[in-house]
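Q:
2 protein chains.
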Amino acid sequence: MSRLRFRISMSLDGYTAGPEQSKKDPLGIGGERLHDWVVALAAWRGPHGLEGGEVNESTRVMEEELANIGATIMGRNMFGGHPGPWSSSQPWNGWWGKEPPFHHPVFVLTHHARPPLALQGGTTFTFVTDGIESALELARRAAGGRDVALAGGAHVAQQYLSAGLVDEMEIHQVPRLLGGGERLFDGVGDLDGLRLVRTVATPDVTHLKFARS
Amino acid sequence: MSRLRFRISMSLDGYTAGPEQSKKDPLGIGGERLHDWVVALAAWRGPHGLEGGEVNESTRVMEEELANIGATIMGRNMFGGHPGPWSSSQPWNGWWGKEPPFHHPVFVLTHHARPPLALQGGTTFTFVTDGIESALELARRAAGGRDVALAGGAHVAQQYLSAGLVDEMEIHQVPRLLGGGERLFDGVGDLDGLRLVRTVATPDVTHLKFARS
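Written as structure tokens, this is what we have:
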């Protein structure tokens with residue numbers, strides 16, 4: 003069975019992005035610091051074309067997270083927002099550059115239809131306008147038996163969590179306060195059978211893995 | 003130097019009490035479950051006059067928490083709220099029964115003056131109406147060189163955190179959602195030099211200890 007595996011970095015006060023998000027500052031004030039722990043890892047830097055980096059307790063968490071993923075689902079803002087309805091004269095390829103680090107099909111939830119966007123290295127962005135269940139079905143089919151990653155952001159995650167469609171959840175909790183911004187669990191209700199099954203603690207981040215029992 | 007040590011149980015979505023708090027249900031809907039981990043411990047049950055209980059990874063956290071504490075500060079709601087201005091014809095001794103588990107001086111922040119309340123076993127509640135710094139000064143003096151515990155609730159903790167007066171903070175994070183209620187870090191700003199220094203992970207709770215670097 004292909005599982006839907008959600009993972010996201012969250013502050014101690016429950017935010018996945020800081021206040022005043024904008025196209026210039028998509029993670030809001032302080033939001034980038036939620037990702038300091040991963041940007042420091044050799045396991046992240048290599049695939050993103052950067053040299054060096056650390057090998058630490060978070061490395062195996064990241065390797066575990068990437069293993070057996072055949073497709074990814076994300077929201078429109080995580081893809082890169084858009085400057086208005088899509089326009090063929092002004093294509094906008096998101097934040098991800100010419101060769102995104104996914105190397106598999108990515109499904110973007112949006113209200114604006116757009117043809118698929120095939121980029122270098124095997125990443126194709128497909129834009130899904132008919133809701134979270136449709137995106138999940140397309141992603142499962144594209145994953146060819148492997149699992150589907152739910153990359154965020156908070157708004158899309160809330161929809162999947164509320165619908166009880168998430169099979170596994172990894173919260174990378176960063177010991178900082180953002181004080182405002184996008185709250186991950188607003189309106190989710192309860193965890194609907196997801197239970198804490200594994201914790202990996204480091205000075206920079208606590209990795210909390212939840213799964214259905 | 004006598005340190006101010008704050009500790010509290012918090013849900014994954016950042017609440018220290020659930021929605022619809024009342025005198026009948028002081029922790030709000032679901033709020034009691036934040037304390038399941040501690041009520042299960044032999045180290046908690048004994049001092050509260052209960053038999054049995056577990057010894058697990060949380061035991062040493064709790065022992066650490068209780069060690070070297072000479073006085074406690076808490077808010078009015080944690081003491082037991084009040085049925086209106088204090089009345090000598092209707093004394094209200096809070097939630098804590100005839101022999102509270104503190105066995106040292108406790109300072110209660112309130113807007114309603116009231117004479118001190120000496121109970122069995124060495125616990126005296128002193129009601130402080132002139133603010134958090136005054137309560138801290140009184141508590142430090144009473145602690146006789148030992149540390150002061152800040153017991154909560156969230157509203158009092160926010161004031162001490164915002165003022166930069168907390169030297170150590172232990173968050174007992176429970177892997178549940180409450181979905182509403184009293185949020186611990188609302189309006190606190192940043193952690194003002196408090197850094198994560200130790201994590202103890204169990205299936206029921208993650209103990210995150212912060213201290214000044």
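Quick note, the sequences are listed as chains A and B, same order. As numbered in our numbering, residues 3 to 215 make up the first sequence, in order. As numbered in our numbering, residues 3 to 215 make up the second sequence, in order. All residues carry an ideal CB built from backbone N, CA and C; glycine is no exception. All figures in this text were calculated on a predicted structure; none of them were measured in a lab.
1) Going by beta-carbon coordinates alone, are residue 18(A) and residue 203(A) separated by less than 8 Å?
2) Round the Cβ separation of residue 107(A) and residue 126(A) to the nearest angstrom and send it over; I've been treating them as touching at under 8 Å.
3) Checking contacts by CB at 8 Å: is residue 102(A) closer than that to chain B?
4) Taking the continuous beta strand (DSSP E) assigned at residue 170(B), which residues delimit it?
5) Suppose you measure from the CA of residue 208(A) to the CA of residue 26(B); what does that come to, to the nearest Å?
6) Return no unless some Cβ of chain A is closer than 8 Å to the Cβ of residue 87(B).
7) If we count the other Cβ atoms within 10 Å of its Cβ and call it buried at 16 or more, is residue 4(B) buried or exposed?
8) Check the Cβ of residue 124(A) against every Cβ in chain B and list those closer than 8 Å, keeping chain order.
9) Assign residue 114(B) to buried or exposed, taking buried as 16 or more other Cβ atoms, counted over all protein chains shown, within 10 Å of its Cβ.
10) Which first and last residues belong to the alpha helix (DSSP H) in which residue 204(B) is found?
11) When you compare each of 174(B), 142(B), 190(B) to residue 163(B) by their alpha carbons, which one comes out closest?
12) Who are the near neighbours of residue 148(B) in its chain, counting only those whose CB is closer than 7 Å to its CB and skipping five residues on each side?
13) Just to confirm my understanding: we take residue 59(B), look at its own chain, exclude 5 residues before and 5 after, and list those with CB closer than 7 Å. What are they?
14) Taking the runs of the alpha helix (DSSP H) that are 4 residues or longer, which of them lie wholly in the segment 49-90 of chain A?
15) Can you check whether the CB of residue 78(A) is closer than 8 Å to the CB of residue 121(A)?
16) Taking the alpha carbon of residue 29(B) as the reference point, which residue from 61(B), 66(B), 81(B), 168(B) has its own alpha carbon closest?
17) Name the chain A residues whose beta carbon is nearer than 8 Å to that of residue 178(B)?
18) Exposed or buried, what is residue 48(B) when buried is set at 16 or more other beta-carbons lying within 10 Å of its beta-carbon?
19) Are residue 196(A) and residue 168(A) close, meaning C-beta to C-beta below 8 Å?
20) CB-CB under 6 Å to residue 88(B), same chain, minus the five flanking residues each way: which ones, in chain order?
21) In or out: residue 50(B) buried (at least 16 other Cβ within 10 Å) or exposed?
22) State the DSSP-derived secondary structure class of residue 14(B), mapped to helix, strand or coil.
23) DSSP three-state call for residue 116(A): helix, strand or coil?
24) Less than 8 Å between the C-beta atoms of residue 33(A) and residue 183(A), yes or no?
25) Out of curiosity, what's the CA-to-CA distance linking residue 96(B) and residue 76(B)?
26) If residue 206(B) sits next to residue 39(B), beta carbons under 8 Å apart, how far is it from one beta carbon to the other, in whole angstroms?
27) If you reduce the DSSP assignment to three classes, tell me which class residue 159(A) lands in.
28) Give the DSSP-derived three-state secondary structure of residue 150(B) in the structure shown.
29) Based on Cα-Cα distance, which residue from 158(A), 124(A), 146(A) lies nearest to residue 135(A)?
30) Got a sec: which bits of the segment 35-54 of chain A sit with their beta carbon under 9 Å from any beta carbon on chain B, in order along the chain?
31) I need the straight-line Cα distance from residue 85(B) to residue 178(A), nearest angstrom please.
32) In chain B, which residues lie with their C-beta within 7 Å of the C-beta of residue 203(A)?
33) Taking 8 Å as the CB-CB cut-off, is residue 152(B) touching chain A?
34) Who are the neighbours of residue 208(A) on chain B, taking C-beta pairs under 9 Å?
A: On the basis of the data shown:
1) Contact annotation: residue 18(A) and residue 203(A) have beta-carbon atoms that are not nearer than 8 Å.
2) About 5 Å separates the Cβ atoms of residue 107(A) and residue 126(A), confirming a contact at the 8 Å cut-off.
3) For residue 102(A), the answer is no, since every Cβ of chain B falls outside 8 Å of its Cβ.
4) For residue 170(B), the enclosing beta strand (DSSP E) begins and ends at 170-176.
5) If you draw a straight line from the Cα of residue 208(A) to the Cα of residue 26(B), it is about 36 Å long.
6) Reliability fails at residue 87(B), whose pLDDT of 49 lies under 50, so the model's placement of it is uncertain and the value that follows must be treated cautiously. No, residue 87(B) does not count as interfacial toward chain A.
7) When all chains shown are included, residue 4(B) counts as buried.
8) The premise fails here: residue 124(A) is roughly 35 Å from chain B at the closest Cβ pair, so nothing lies under 8 Å.
9) Exposed: under 16 other Cβ atoms inside 10 Å.
10) Element bounds for residue 204(B): n/a, residue is neither H nor E.
11) Here the closest residue by C-alpha is 190(B).
12) Hits under 7 Å: 4, 70, 71, 72.
13) 202, 204.
14) Qualifying alpha helix (DSSP H) stretches, in chain order: 59-68, 78-81.
15) In this structure, residue 78(A) does not lie closer than 8 Å to residue 121(A) by Cβ.
16) Among 61(B), 66(B), 81(B), 168(B), the Cα nearest to that of residue 29(B) is on 81(B).
17) Per Cβ cutoff of 8 Å: 192, 193.
18) Exposed, because fewer than 16 other Cβ atoms sit within 10 Å of the Cβ of residue 48(B).
19) Yes. Within cutoff.
20) Residue confidence for residue 88(B) is low, a pLDDT of 48 falling below 50, so the modelled location carries little weight and cannot support an answer.
21) Residue 50(B) should be labelled exposed.
22) Per DSSP, reduced to three states, the secondary structure at residue 14(B) is coil, with no helix or strand assignment.
23) In the three-state reduction of the DSSP assignment, residue 116(A) falls in the coil class.
24) Against a cut-off of 8 Å, the Cβ pair of residue 183(A) and residue 33(A) comes out as a contact.
25) Near 12 Å, if we compare the C-alpha coordinates of residue 76(B) and residue 96(B).
26) So it is a contact: roughly 4 Å between Cβ atoms.
27) Reduced to three states, the DSSP call for residue 159(A) is helix.
28) Strand at residue 150(B).
29) Looking at the Cα atoms, 158(A) is the closest of the given residues.
30) Considering only beta carbons, no part of the segment 35-54 of chain A lies closer than 9 Å to chain B.
31) The pLDDT assigned to residue 85(B) is 48, lower than 50, so where the model puts this residue is not dependable, and the model offers no usable value.
32) For residue 203(A), the chain B residues whose C-beta falls within less than 7 Å of its own C-beta are 201, 203, listed in chain order.
33) Not one chain A Cβ lies under 8 Å of residue 152(B).
34) In chain order: 175, 198, 201, 203, 208, 210.
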